[in-house]
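Please read the structure below before turning to the comments.
Residue numbers (UniProt numbering): 1 to 319.
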């Protein structure tokens with residue numbers, strides 16, 4: 001049986017280090033952001049509309065950017081499907097968490113809060129690319145992209161000092177299957193209104209039929225990998241993470257020694273309140289282990305294609 005161009009050679013991957021490419025998908029309500037991601041990750045289309053409301057949906061896919069059995073270029077896509085840019089909760093001061101997560105995504109800031117870290121893979125790594133989606137079949141849908149694009153391009157990236165890398169951007173007009181031939185010119189006229197943001201890469205796609213879906217992710221992935229600054233960023237990030245890990249280990253070792261000293265004192269006579277001192281420390285240690293297990297578990301639970309790569313950590317190294 002002939003091998004398909006998009007089949008993953010697991011044995012070859014075991015010998016490779018796969019780069020992680022973190023992508024955020026942004027756009028107004030109902031333009032098909034989730035449908036686009038689902039088509040790319042799972043090769044399927046769900047006609048039943050379900051709004052991305054209370055959370056950020058995250059997906060993982062190992063993909064060959066070259067679609068070539070002889071010269072593959074595998075990467076791990078981490079895709080963040082963000083709730084709508086025009087979500088009403090974003091203007092409510094009371095909904096701090098959602099607003100903080102959303103603007104944290106736009107600002108590409110490192111996620112520091114525990115509630116934000118939950119369910120987020122590589123939350124300390126920056127977003128390398130944004131896919132901005134509008135409905136090509138609706139006249140004013142593209143207007144919902146202007147503010148976030150402007151915010152990211154003119155404020156966040158100019159003000160951001162921790163990164164030398166400017167994120168790659170793609171604008172996508174979805175629902176090409178609904179755009180009649182005589183209305184194609186209207187879609188291209190909408191591009192012109194976004195030209196001021198200098199995003200040359202544009203696609204007309206259909207999440208329903210799959211038209212141009214893979215091309216969007218492959219193009220932005222190639223642009224990211226071709227950026228020579230990426231290696232510098234990753235090395236700086238790895239250095240920072242190693243320093244952070246060493247600091248955490250030093251803190252844990254010091255804390256463990258302190259606990260052992262306290263335990264020796266308690267064994268000398270005082271066993272703690274109702275004799276529960278030792279048990280309480282065990283609970284604390286268990287909680288720390290559970291936190292680590294939760295992070296590992298979140299990685300495994302991210303929706304992933306293909307299924308054979310579910311045990312990703314053993315199948316290949318990632319950074």
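Every residue gets a Cβ at the ideal spot worked out from N, C-alpha and C, and that includes glycine.
No experiment lies behind these values; they were computed from the predicted model shown.
Outcome for residue i when other beta-carbon atoms lying within 10 angstroms are tallied against a minimum of 16
i, result
"residue 35", "buried"
"residue 141", "buried"
"residue 135", "buried"
"residue 114", "Any reading at residue 114 needs caution, since the residue's pLDDT is 39, under 50, leaving its predicted position unreliable; the model's value is listed next. Exposed, since its Cβ has fewer than 16 Cβ neighbours within 10 Å."
"residue 174", "buried"
"residue 200", "exposed"
"residue 196", "exposed"
"residue 325", "Residue 325 is absent from the structure shown; the chain starts at 1 and stops at 319."
"residue 39", "buried"
Option in the options with minimal Cα separation from residue i
i, options, result
"residue 28", "72, 143, 40, 195", "143"
"residue 166", "217, 212, 226", "226"
"residue 168", "76, 149, 204, 32", "149"
"residue 178", "201, 199, 137, 172", "137"
"residue 58", "157, 22, 190, 200", "22"
"residue 215", "26, 30, 44, 63", "63"
"residue 61", "170, 203, 202, 42", "42"
"residue 133", "155, 170, 154", "170"
"residue 33", "71, 208, 224", "208"
"residue 222", "38, 191, 152, 66", "66"
"residue 190", "37, 145, 220, 219", "145"
"residue 218", "44, 153, 73", "73"
"residue 31", "77, 172, 155, 44", "172"
"residue 224", "77, 46, 44", "77"
Residues near residue i by beta carbon distance below 8 Å, same chain, minus five either side
i, result
"residue 314", "Annotation note: pLDDT 34 at residue 314 (below 50); position unreliable, no value reported."
Same chain, Cβ closer than 7 Å to residue i, neighbours up to 5 away in sequence not counted
i, result
"residue 24", "80, 82, 105, 127, 130"
"residue 193", "142"
"residue 176", "136, 204, 205, 206, 211"
"residue 37", "25, 59, 79, 81"
"residue 44", "38"
"residue 155", "none"
"residue 198", "none"
Cβ-based neighbour list, residue i, same chain, cut-off 6 Å, excluding 5 preceding and 5 following
i, result
"residue 19", "75"
"residue 157", "166"
"residue 220", "129, 168, 170"
"residue 71", "none"
Beta carbon proximity, residue i to chain B, threshold 8 Å
i, result
"residue 80", "No chain B is part of this structure, which consists of one protein chain only."
Whole-angstrom C-beta distance between residue j and residue i, which should lie under 8 Å
i, j, result
"residue 213", "residue 205", "6 Å"
- Message: Could you tell me which whole beta strand (DSSP E) segments of length 3 or greater appear in the segment 17-75?
- Response: Whole beta strand (DSSP E) segments, 3+ residues: 20-26, 57-64.
- Task: Starting from the N-terminal side, write out each stretch of the alpha helix (DSSP H) that is 4 residues or longer and does not extend beyond the segment 127-173.
- Result: The segment 127-173 contains these whole alpha helix (DSSP H) runs: 143-150.
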